[in-house]
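Take the sequence shown: its position 176, counting from 1, is numbered 176 in the UniProt record's numbering, and each next residue is one higher.
Idealized CB from N, CA, C, for every residue including glycine.
The model shown is predicted, which means the values in this text are computed figures rather than measured ones.
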Amino acid sequence: MSFRTTILTLYPEMFPGHLGHSLAGKALGRGQWSIEPVQIRDFAEDRHRTVDDTPAGGGAGMVLKPDILAKAIDQVSGHDNRPRLLMSPRGRPLTQKRVRELAAGEGVVIVCGRFEGVDQRVIEARQLEEVSVGDYILSGGEPAALTLLDAVVRILPGVMGNDLSGTHESFEDGLLEYPHYTRPQVFEGREIPSVLTSGNHAEIDKWRRQQALKLTRERRPDLLQSGQD
Ligand code: SAH
1 MSFRTTILTL YPEMFPGHLG HSLAGKALGR GQWSIEPVQI RDFAEDRHRT
51 VDDTPAGGGA GMVLKPDILA KAIDQVSGHD NRPRLLMSPR GRPLTQKRVR
101 ELAAGEGVVI VCGRFEGVDQ RVIEARQLEE VSVGDYILSG GEPAALTLLD
151 AVVRILPGVM GNDLSGTHES FEDGLLEYPH YTRPQVFEGR EIPSVLTSGN
201 HAEIDKWRRQ QALKLTRERR PDLLQSGQD
């Protein structure tokens, strides 16, 4: 079953972007997932193909019009049950848990905002799930959508060469990942921790777990408190 993504955007040429390369690109070529970028402007009806207007109440910038966006959403997702996401700095911060849930589904429809954002009424009327990729402001939803898709596509079955390599990552067990080392044995006077070259796998597992806990405590104590989601 192929994971089907549809992206509503004013910049369809930004897709598949980096996801056309490397493992995601190969999986795209094999048909394990698909991407359909749709130009929001194609749903405008006036001569100038207007998609935005000034904010009610005044202020800087422009707002994406609800009627145009609703028509675009209805056209691409009127007949399926894929989650409808809106990339938005006001959304719930994206987590690996949500990424896993999305990857288990049949696909996603993603709306990319631009300007000051989109009219509130279309968010409510089309039940868009607002998703944030972090507490900073991007100039548009496209890089946020590509980030979300990257996280989802890499865990689709068969996309990564070695399926196991997805299971020990940061966040998969609620912790940041332990540090990695590879040859040479000595780099600028720094040795690989001896336990890692001991061949004792129980000790290696224990050391890695301790390191993961230590790093998480130091850098992201919130992950230990929240029960991670
Ligand atoms: N005026 C808005 C920001 C608009 S930025 C505010 O202050 O909340 C323009 C578009 O970029 C948004 O509509 C959204 O689609 C996207 N965007 C910006 N930052 C984002 C983030 N952190 N996560 C997800 N999408 C983001």
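Local conformation of residue i per DSSP, three classes
i, result
"G59", "coil"
"G91", "strand"
"L176", "coil"
"S226", "helix"
"T9", "strand"
"S77", "helix"
"L146", "helix"
"L138", "coil"
"L28", "helix"
"L102", "helix"
"L64", "strand"
Euclidean distance between Cα positions of residue i and residue j
i, j, result
"A103", "R4", "10 Å"
"R183", "A27", "31 Å"
"R98", "V186", "40 Å"
"T10", "I40", "As written in the sequence, residue 10 is Leu, which differs from the Thr given in the question. C-alpha separation (whole angstroms): 6 Å."
"L215", "E177", "8 Å"
"D46", "V159", "43 Å"
"V120", "P66", "For clarity, residue 120 is Gln in the given sequence; the question names Val instead. One C-alpha to the other measures close to 8 Å."
"residue 254", "D150", "Here the chain covers residues 1 to 229 and nothing more, so residue 254 does not appear."
"L86", "E36", "16 Å"
"S226", "V122", "32 Å"
"P16", "M62", "26 Å"
Proximity winner among the options, relative to residue i (alpha-carbon distances)
i, options, result
"A56", "T216, E116, I110 and K26", "E116"
"L224", "W207, L175, H180 and E203", "L175"
"R118", "L94, G107, G105 and R90", "Before going further, note that residue 118 is Val rather than Arg in the sequence given. The shortest Cα separation from V118 among L94, G107, G105 and R90 belongs to R90."
"Q127", "G78, M14, T50 and E203", "G78"
"D173", "T197, R190, A212 and D74", "A212"
"residue 280", "E36, G25 and I68", "Residue 280 falls outside the range modelled here, since the chain spans only 1 to 229, and no answer is possible."
"E142", "M1, S2 and L8", "L8"
"D222", "T197, R49 and F171", "F171"
"residue 285", "P179, S194 and E188", "The chain is shown only over 1 to 229; residue 285 falls outside these bounds and no answer can be derived."
For residue i: DSSP bridge partner residues
i, result
"G107", "R4"
"F187", "R190"
"W33", "F3"
"Q39", "T9"
"L85", "I110 and E129"
Element boundaries [alpha helix (DSSP H), containing residue i]
i, result
"E116", "Careful: E116 lies outside any alpha helix (DSSP H) and carries neither H nor E."
"K206", "H201 to R219"
Continuous beta strand (DSSP E) stretch holding residue i: start and end
i, result
"E129", "E129 to S132"
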